[in-house]
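Asks: Residue numbers for the sequence shown follow this note's numbering, beginning at 5 and rising by one. By construction, the Cβ of each residue, glycine as well, lies at the ideal position given by its N, Cα and C atoms. Quick caveat, the model's predicted, so the values are computed rather than measured.
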Amino acid sequence: MQRVIDDVLGPLLQEDESSIELLHVGEDEVVVRVTGRAAFGVGAEYVRSGVIEPALRKVVGEDYTIRIEKAIPKAKRRG
């Protein structure tokens, strides 16, 4: 699971100013957090349902619930 996030989804989402983080893998649930455009952009719903969820399903199968949380990234401090 972590390898798919690190090697596939992470770099893909970084190209769109987004990120993904694995929060939890349980017996029947996977929870990830996305930030940036993948969380709140115009095509965010498509990215989540058409890219992230199918990639995770390839790893865990259809029996798992995949929960995708949205988060606003922390702002950079002004110097």
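#1: Nearest to Asp20 by alpha carbon, out of Met5, Glu66, Asp32, Arg52?
#2: For Val38, count neighbouring Cβ atoms within 10 angstroms of its own Cβ and tell me buried if that reaches 16, exposed if not.
#3: Flag this pair as yes or no: are the beta carbons of Ile56 and Leu26 separated by less than 9 Å?
#4: From the DSSP output, in three-state form, read off Thr82 for me.
#5: Can you tell me whether Glu21 is helix, strand or coil according to DSSP?
#6: Please report the straight-line C-alpha distance between Lys74 and Gln18, rounded to a whole angstrom.
Replies: Taking the coordinates as given:
#1: Translated into the one-based positions of the sequence shown, residue 20 becomes position 16. Comparing Cα positions, the closest option is Arg52.
#2: The residue given as residue 38 occupies position 34 in the sequence shown. The residue is buried, with at least 16 neighbouring Cβ atoms inside 10 Å.
#3: To locate residue 56, count along the sequence shown from 1; it is residue 52. To locate residue 26, count along the sequence shown from 1; it is residue 22. Result no, Cβ atoms of Ile56 and Leu26 do not sit closer than 9 Å.
#4: Walking along the sequence shown from the start, residue 82 turns up at place 78. The residue asked about is misnamed: residue 82 is Arg in this sequence, not Thr. Coil at Arg82, not helix or strand.
#5: On the sequence shown, position 17 is the one that residue 21 refers to. Coil at Glu21, not helix or strand.
#6: Here residue 74 is taken as the residue at index 70 of the sequence shown, counted from 1. Here residue 18 is taken as the residue at index 14 of the sequence shown, counted from 1. Straight-line Cα distance between these residues: approximately 15 Å.
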